[in-house]
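Undergrad: Numbering (the numbering used here), first residue to last: 2 to 209.
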Ligand SMILES: [Zn+2]
């Protein structure tokens, strides 16, 4: 969810859902209906029609209800690590597959994991997309050490241009950073749990 100001100065929210998981067509759709809100669903084209993922029927259904579908790469790999040739192939394939499925040109693109940069942006533009959505780090706070998407979510770097720091780094470097961050968080959590446990024990001994 990204709050932004539109040209008239009014605050606007963009609700977006990535990866075309099956829950988008049931749980997310129900909540959006209840709120009277519409959202943008970014779908990785090669993942569609697989178990646990949306297919053509669901995506067309979402669009018929006023939601919008955007591209999220073809194979859902990190685009910033690809060669120019592979990057062009990924963006073009996702554009063609979704345009064919929806019967209209697809304007919106979100790079998997939010890993963008000048090269990705240029490739997305060359492929004919009109918007590019990236992520603000610190979105994904779940402990998933093997998931690259959960990477540079680093509270320690708040106020620093984290995307600039991480752009172009190797996957191993990013995994190391992620591990370090979660290790610190884990130690902090353990410290506070122990401390609150000790406070509870002290309180109990006073009442006994
Ligand atoms: Zn994704």
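Glycine is no exception: its CB is placed at the ideal position from the N, C-alpha and C atoms. Since this is a predicted model, take the numbers as computed values, not measurements.
(1) Could you round the C-beta distance between residue 70 and residue 99 to whole angstroms and report it? I think they count as a contact, below 8 Å.
(2) Within 10 angstroms of the Cβ of residue 1, are there 16 or more other Cβ atoms? Answer buried if so, exposed if not.
(3) Suppose you measure from the CA of residue 96 to the CA of residue 136; what does that come to, to the nearest Å?
(4) Tell me which residues pass a beta-carbon proximity test against ligand 1: closer than 5 Å to any heavy atom, given in chain order.
(5) For residue 54, collect the residues of the same chain with a Cβ closer than 7 Å to its Cβ; drop the 5 residues on either side in sequence, then sort them by chain order.
(6) State buried or exposed for residue 181, treating a residue as buried only when at least 16 other CB atoms are found within 10 Å of its CB.
(7) Any chance the stretch 112-129 sits against the stretch 58-66, with 3 or more Cβ pairs inside 8 Å?
(8) Whose CA, out of 67, 51, 73, 34, lies closest to the CA of residue 18?
(9) Since residue 92 and residue 124 should fall inside the 8 Å C-beta cutoff, what is the C-beta to C-beta distance between them, to a whole number of angstroms?
(10) Does DSSP classify residue 134 as helix, strand or coil?
(11) When the Cα atoms are used, what is the spatial distance from residue 1 to residue 86?
(12) With DSSP as the reference, please indicate the residues paired to residue 188 in a beta bridge.
(13) Leaving out the 5 sequence neighbours to the left and right, which residues in its chain are closer than 7 Å to residue 133 when beta-carbon positions are compared?
(14) Could you check what DSSP says for residue 69 in three-state terms: helix, strand or coil?
(15) Can you tell me whether DSSP reads residue 93 as helix, strand or coil?
(16) Helix, strand or coil for residue 17? Go by DSSP, reduced to three states.
(17) Which of helix, strand or coil does DSSP assign to residue 30?
(18) Give me, in chain order, the residues of the same chain whose beta-carbon lies closer than 8 Å to that of residue 64; leave out the 5 immediate sequence neighbours on both sides.
TA: Let me lay it out:
(1) Here residue 70 refers to the residue found at position 69 when the chain shown is read from its first residue. Here residue 99 refers to the residue found at position 98 when the chain shown is read from its first residue. Indeed they touch by this definition, with Cβ atoms about 7 Å apart.
(2) It is not possible to answer for residue 1, since the shown part of the chain is limited to 2 through 209.
(3) Within the chain shown, residue 96 is the residue found at index 95, counting from 1. Within the chain shown, residue 136 is the residue found at index 135, counting from 1. One C-alpha to the other measures close to 20 Å.
(4) 19, 20, 113
(5) Position 53 of the chain shown, counting from 1, holds the residue named residue 54. Counting only Cβ-Cβ distances below 7 Å, and skipping sequence neighbours, we find 21, 22, 23, 48.
(6) Here residue 181 refers to the residue found at position 180 when the chain shown is read from its first residue. Answer is exposed; the Cβ neighbour count stays below 16.
(7) no
(8) Position 17 of the chain shown, counted from the first residue, corresponds to residue 18. Checking every option, the nearest Cα to that of residue 18 belongs to 73.
(9) Working through the chain shown from its first residue, we reach residue 92 at position 91. Working through the chain shown from its first residue, we reach residue 124 at position 123. At roughly 5 Å, the Cβ-Cβ gap stays under 8 Å, so residue 92 and residue 124 are in contact.
(10) Within the chain shown, residue 134 is the residue found at index 133, counting from 1. Three-state result, residue 134: coil.
(11) Limits of the chain in this structure are 2 at one end and 209 at the other, which puts residue 1 out of reach.
(12) For the purposes of this step, residue 188 is identified with residue 187 of the chain shown, where counting begins at 1. For residue 188, which the question treats as bridged, DSSP gives no partner whatsoever.
(13) One-based indexing of the chain shown puts residue 133 at position 132. Excluding sequence neighbours, residue 133 sits near 110, 117, 122, 125.
(14) If you number the chain shown from 1, residue 69 lands on position 68. DSSP places residue 69 in strand when its eight states are reduced to three.
(15) The residue given as residue 93 occupies position 92 in the chain shown. Three-state DSSP puts residue 93 in a helix.
(16) Here residue 17 corresponds to residue number 16 of the chain shown, with the count starting at 1. Here residue 17 sits in strand by DSSP.
(17) Counted from its first residue, the chain shown places residue 30 at position 29. Looking at residue 30 - three-state DSSP - the assignment turns out to be helix.
(18) Counting from 1 along the chain shown, the entry for residue 64 is found at position 63. So the qualifying residues of the chain are 70, 103.
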